[in-house]
Amino acid sequence: MVAGVWAGQASATIRVATFNVSMEADNYLPRGEQGDQQVLIERLASGDEAQIQNVAEIIQRTRPDILFLTEFDYIADPGKGVEAFSTNYLQVAQGGQQPIDYPYYYYAPVNTGQPSPYDLDRDGVASGTGADAWGFGSYPGQYGMLVLSKYPINKDQVRTFQQFKWKDMPDYLPTRTADGDDWYSEEAWQDFPLSSKSHWDLPIEVDGETLHLLASHPTPPVFDGPENRNGIRNHDEIRFWRDYIHNAEYIYDDRNQSGGLAAQQRFFIVGDLNASADEGDGIRSAIAGLLNDELVQGAAEPVSSGAAAHSESAYAASHTAAWGMRADYVIPSVYGVTVVDSGVFWPAAGEPGHGLVSSRGASSDHRLVWLDVRLK
């Protein structure tokens, strides 16, 4: 686990955001070719990758104070990863915008691409990669996670749940074959982590107050079969946060500390959750339950003009992904947080910045989602 520091600032109203940036090897290679972290390392070093420049410009235009990035490959050396991104892109004016500096950052290993010794997809081969990794990926750290912050991250109090075993969640949803047998072998089930990437609780200090950034990127509930193994995992990955904010006793972190979040804590549940209460292929009860939980302000629903014009769906205005769903969230706690404003960076055609989101290749198939809040 790594945390870093440069120099910071504070403000009365803070902007908390999440953005799936599609900064992983497959995004930069011809279809069918496979790479690893070196693909992103080279592009971060160059400073001239158009897609990353556009990602940086979106960040410069929206200027979050606390930003959670998903699908940013895990690069163990910060000088080749997060710091190169900051120095060569964020701190360089993009498209006439003002540079932006994040004094603090946090990243850690994830389960994507981590090889398992089991045939998890039951295709007859225990390949250790792709769907036979603990989280789908071609190499360890693919689709990683990164937090950038203008406020100090209390790294001594960070909790990660990369190793939490799915079997230890009470009332987990079982994955069955068509004959009703367990999909996973007993040996695999004993070792299986719940999180397809990781779950993080990052305490961040803002003007003497603490907020908890609860960050994750559950697996997409597709790319499986009738057993719905990914949809079931997505459901339980989201449900984990609902149990966590209610301080469930069964939870333990990677340091073997037990329990969830104590009562009366400010928090934001952030990330590409790959789920909607209204649309899509997921099991909707988990995200619906989370948004309706008494401890969160689930009615805060960011919208954009670009999304409203992009689809004929009744829910189009709140979509955050180009393929037509609300997938990305910043969900604040009821305790200690006043929502001032919200939005999704998705300009409609003819509006400034539209070219940054005009195609998947321009930046990402997801949009940056933000909330402006005051801490009470």
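If you're matching positions, the sequence shown starts at 1204 in my numbering and goes up one per residue.
Note that beta-carbon positions come from the ideal geometry of N, C-alpha and C, so glycine has one too.
Legend entry - Check whether residue 1267 and residue 1549 have beta carbons under 7 Å apart: No, they are not a contact pair.
Legend entry - Residue of 1575, 1578, 1571 and 1235 minimising C-alpha distance to residue 1259: Minimum Cα distance to residue 1259 is reached at 1571.
Legend entry - Collapsed DSSP secondary structure at residue 1353 in the structure displayed: In this structure, residue 1353 counts as coil in the three-state DSSP scheme.
Inset, instruction - Could you round the C-beta distance between residue 1441 and residue 1478 to whole angstroms and report it? I think they count as a contact, below 8 Å. - result: Confirmed, Cβ separation roughly 6 Å.
Inset, instruction - To the nearest angstrom, report how far apart residue 1433 and residue 1387 are at their CA atoms. - result: The alpha-carbon atoms of residue 1433 and residue 1387 are separated by roughly 13 Å.
Legend entry - Residue nearest to residue 1332 in terms of C-alpha spacing, selected from 1341, 1512 and 1438: The shortest C-alpha separation from residue 1332 is found at 1341.
Inset, instruction - Put residue 1410 into one of helix, strand or coil per three-state DSSP. - result: Of the three classes helix, strand and coil, the one that applies to residue 1410 here is coil, per DSSP.
Inset, instruction - Determine the burial state of residue 1521: buried for a count of at least 16 other Cβ atoms within 10 Å of its Cβ, exposed for fewer. - result: By the beta-carbon neighbour count (other beta carbons within 10 angstroms, threshold 16), residue 1521 is buried.
Legend entry - Boundaries (first-last residue) of the alpha helix (DSSP H) holding residue 1258: Start and end: 1253 to 1265.
Inset, instruction - Check residue 1443 in the structure and name its three-state DSSP category. - result: Residue state, collapsed to three classes: helix.
Inset, instruction - Go through its chain and collect everything with a Cβ distance to residue 1481's Cβ below 7 Å, but skip five positions before and after it. - result: For residue 1481, where only same-chain residues beyond five positions count, the Cβ hits under 7 Å are 1518.
Legend entry - Own chain residues within Cβ distance below 7 Å of residue 1297, not counting five before or after: So the qualifying residues of the chain are 1256, 1259, 1260 and 1263.
Legend entry - Cα-Cα separation, residue 1452 to residue 1461: One C-alpha to the other measures close to 7 Å.
Legend entry - Integer Cβ distance of residue 1429 from residue 1391, believed to fall under 8 Å: Going by Cβ atoms, the distance from residue 1429 to residue 1391 rounds to 19 Å, so no, they are not a contact pair.
Inset, instruction - Give every residue of the same chain whose Cβ lies closer than 6 Å to the Cβ of residue 1529, excluding the five residues on either side of it in the sequence, and list them in chain order. - result: Cβ within range, chain order: 1479, 1521, 1522 and 1523.
Inset, instruction - Tell whether a beta-carbon distance below 7 Å holds between residue 1219 and residue 1567. - result: No, the pair does not count as a contact, with Cβ atoms beyond the cut-off.
Legend entry - Candidates 1354, 1552, 1544 and 1449, of which the one nearest residue 1307 by Cα: Distance check between residue 1307 and each of 1354, 1552, 1544 and 1449 places 1354 closest, using alpha-carbon atoms only.
Inset, instruction - Figure out for me which residue from 1474, 1249, 1504 and 1444 has the closest Cα to the Cα of residue 1489. - result: Ranking the options by Cα distance to residue 1489, first place goes to 1444.
Legend entry - Closest Cα partner of residue 1317 within the set 1330, 1325 and 1559: Out of 1330, 1325 and 1559, 1330 has the C-alpha closest to the C-alpha of residue 1317.
Legend entry - At least three beta-carbon pairs within less than 8 Å, the region 1277 to 1286 to the region 1365 to 1378: With the cut-off at 8 Å, the region 1277 to 1286 and the region 1365 to 1378 do not touch.
Inset, instruction - Ignore the nearest five residues each way along the sequence and tell me which others in residue 1238's own chain have a CB closer than 7 Å to its CB. - result: Cβ within range, chain order: 1228 and 1232.
Inset, instruction - Determine the direct distance from the alpha carbon of residue 1344 to that of residue 1395, and round the result to whole angstroms. - result: Rounded to whole angstroms, residue 1395 to residue 1344 spans 17 Å at the Cα level.
Legend entry - Backbone secondary structure at residue 1498 - three-state DSSP: Residue state, collapsed to three classes: coil.
Legend entry - Beta-carbon contacts of residue 1244 that lie in its chain and below 8 Å, excluding the five residues immediately before and after: So the list reads 1278, 1283, 1284 and 1287, once near-sequence residues are dropped.
Legend entry - Collapsed DSSP secondary structure at residue 1274 in the structure displayed: Here residue 1274 sits in strand by DSSP.
Legend entry - For residue 1319 and residue 1377, the rounded distance between their alpha carbons: Near 20 Å, if we compare the C-alpha coordinates of residue 1319 and residue 1377.
Legend entry - Buried/exposed call for residue 1579, threshold 16 Cβ in 10 Å: It is exposed - the Cβ of residue 1579 has fewer than 16 other Cβ atoms within 10 Å.
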